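Trainee: Before I ask anything, here is the structure I am working with.
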Amino acid sequence: MISICSQPDDPYFHWQNLVQFYNLEKLGLLDNHRAVFLHRDGEKPSEFINKFKEAYPENVFIFKDTRLQKHYIPTLKIHGVVKYLEQDTKDQDLFLIDSDVIFREAVDFSLFTKDNVVYCSDTKGYLGYQYLKTKGDEIIKSMCAYIGVSFDTIVEKNDESGGAQLYYKGIPHNILIDYFKEVEIQSPRLYDIMRTHITYNDYEPTIQAWTSEMWCVLWILWKRNIETEIVKELDFRWATDPIEMWQTNKILHMAGVTSDSKDKFYKGNFINSNPFNHNYDYVDDKSITKIYIEELINTKNSEKFKKLVSQF
Numbered sequence: 283m284i285s286i287c288s289q290p291d292d293p294y295f296h297w298q299n300l301v302q303f304y305n306l307e308k309l310g311l312l313d314n315h316r317a318v319f320l321h322r323d324g325e326k327p328s329e330f331i332n333k334f335k336e337a338y339p340e341n342v343f344i345f346k347d348t349r350l351q352k353h354y355i356p357t358l359k360i361h362g363v364v365k366y367l368e369q370d371t372k373d374q375d376l377f378l379i380d381s382d383v384i385f386r387e388a389v390d391f392s393l394f395t396k397d398n399v400v401y402c403s404d405t406k407g408y409l410g411y412q413y414l415k416t417k418g419d420e421i422i423k424s425m426c427a428y429i430g431v432s433f434d435t436i437v438e439k440n441d442e443s444g445g446a447q448l449y450y451k452g453i454p455h456n457i458l459i460d461y462f463k464e465v466e467i468q469s470p471r472l473y474d475i476m477r478t479h480i481t482y483n484d485y486e487p488t489i490q491a492w493t494s495e496m497w498c499v500l501w502i503l504w505k506r507n508i509e510t511e512i513v514k515e516l517d518f519r520w521a522t523d524p525i526e527m528w529q530t531n532k533i534l535h536m537a538g539v540t541s542d543s544k545d546k547f548y549k550g551n552f553i554n555s556n557p558f559n560h561n562y563d564y565v566d567d568k569s570i571t572k573i574y575i576e577e578l579i580n581t582k583n584s585e586k587f588k589k590l591v592s593q594f
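Residue numbering for the sequence shown follows the working numbering, beginning at 283 and increasing consecutively.
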């Protein structure tokens, strides 16, 4: 089993991966983790990522972004997974996570016993039919027709509409890589179909077309007769949650905070700046983002990570 995180070779993802590496190493989970970075076609990998690779040669992988369709950014994640699987061809379970995820304790993967199943976090609130139907059945049927999955399947599988953190269990390598290749190809086109649909602007707010990659990840599994199962072990907290909720789940996904949240850590403030030397006294002690700040500071102060942190 490996966990894998895939992203562009940009500073915003560099510092998030440092925090994630510190967190995983603290929990004894780093050996089986893979971080994939994609540099732009025509450019060399960044100086930082080369040093990161030098420090963690078994964990960091660098590839060129050779996507044919680059207007839809989320396909970068899937593209990196494909690149990695093209060179690591053995059959193995795969745990797909984002760079802004940290763990309170290790996920118990022994609970996931069935093969040809993808175990998921609960995302039916924004991927399931109960959400989709609020945007009208017309656009859903167009999405289904493009992906090649029936409308009835989407309705019936509302309670299996998982995503975010996904554990691919017992799926042979050749099937897994072919699946990810299809997701990479289909996601940008599904995004375009959603954005240009005749009913797109009929609903306020509009359907979350930006998450078309998540629907492709999910629906193409169903199209291929691979089951999905939402499991409590992969329940997670959002960055908008109160700190007392941290003890209820093992995973913190640092998403959901917006720029107008003045009393929480907002990672978007550090797209092009250094988060390690910032004063976070403004963050409310009741915010779960305090947990992430603590991990960020511990990363900075760790002897093992100091040299890499100093690159920012």
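Just so you know, even glycine gets a beta-carbon here, dropped at the ideal spot from N, CA and C. What you are looking at is a predicted structure, and each value in this text was computed from that prediction instead of being measured.
#1: Can you find the residues in the same chain that come closer than 6 angstroms, C-beta to C-beta, to Cys287, ignoring five residues on each side of it along the sequence?
#2: Run through the DSSP bridge pairs and tell me what Gly550 is partnered with.
#3: What would DSSP say about Glu336, mapped onto helix, strand or coil?
#4: Between which two residues does the alpha helix (DSSP H) harbouring Glu495 extend?
#5: According to DSSP, what are the bridge partners of Tyr450?
#6: Taking only the alpha-carbon atoms, compute the straight-line gap between Pro557 and Ser592 and give it to the nearest angstrom.
#7: 9 angstroms is my cut-off, CB to CB: does Lys406 come that close to chain C?
#8: Would you check if there are 3 or more beta carbon pairs closer than 8 angstroms linking the region 387 to 399 to the region 536 to 545?
#9: Using the C-alpha atoms, what's the distance from Ile457 back to Met425?
#10: Kindly indicate which residue of Ile384, Thr357, Lys335 has the alpha-carbon position closest to the one of Leu534.
#11: State the Cα-Cα distance for the pair His315 and Glu464, rounded to the nearest angstrom.
#12: Do Lys505 and Asp517 have their beta-carbon atoms positioned less than 9 angstroms apart in this structure?
#13: My output table needs one value for Phe345: the three-state DSSP class, helix, strand or coil.
#14: In the region 448 to 484, which residue ranges form an unbroken alpha helix (DSSP H) of at least 4 residues, counting only runs that do not cross its ends?
#15: Going by other Cβ atoms of all chains shown within 10 Å of its Cβ, with 16 needed for buried, is Tyr564 buried or exposed?
Mentor: Working from what's here:
#1: Counting from one through the sequence shown, the residue named residue 287 turns up at place 5. Closer than 6 angstroms at the Cβ level, and outside the excluded window around Cys287, lie Ala317, Ile379, Ser381.
#2: Reading the sequence shown from its first residue, position 268 is the one you call residue 550. For Gly550, which the question treats as bridged, DSSP gives no partner whatsoever.
#3: Reading the sequence shown from its first residue, position 54 is the one you call residue 336. Three-state result, Glu336: helix.
#4: Here residue 495 refers to the residue found at position 213 when the sequence shown is read from its first residue. Note, Glu495: alpha helix (DSSP H), 494 to 505.
#5: For the purposes of this step, residue 450 is identified with residue 168 of the sequence shown, where counting begins at 1. In the DSSP output, where bridge partners are listed per residue, Tyr450 has Leu376, Val400.
#6: The residue labelled residue 557 in the question sits at position 275 within the sequence shown. The residue labelled residue 592 in the question sits at position 310 within the sequence shown. Roughly 11 angstroms separates the two Cα atoms.
#7: Going by chain labels, chain C is absent from the structure shown, which holds only one protein chain.
#8: no
#9: Here residue 425 corresponds to residue number 143 of the sequence shown, with the count starting at 1. Here residue 457 corresponds to residue number 175 of the sequence shown, with the count starting at 1. Computed Cα separation, rounded: 23 angstroms.
#10: One-based indexing of the sequence shown puts residue 534 at position 252. Of Ile384, Thr357, Lys335, the residue nearest in Cα terms is Ile384.
#11: Here residue 315 corresponds to residue number 33 of the sequence shown, with the count starting at 1. Here residue 464 corresponds to residue number 182 of the sequence shown, with the count starting at 1. Between His315 and Glu464, the C-alpha separation is close to 24 angstroms.
#12: By 1-based counting over the sequence shown, the position of residue 517 is 235. By 1-based counting over the sequence shown, the position of residue 505 is 223. Not a contact, by the Cβ cut-off of 9 angstroms.
#13: As a first step, residue 345 must be located in the sequence shown, where it is residue number 63. Strand, per DSSP.
#14: Counting whole runs of 4 or more residues, the region 448 to 484 contains the alpha helix (DSSP H) stretches 455 to 477.
#15: Position 282 of the sequence shown, counted from the first residue, corresponds to residue 564. Exposed, because fewer than 16 other Cβ atoms sit within 10 Å of the Cβ of Tyr564.
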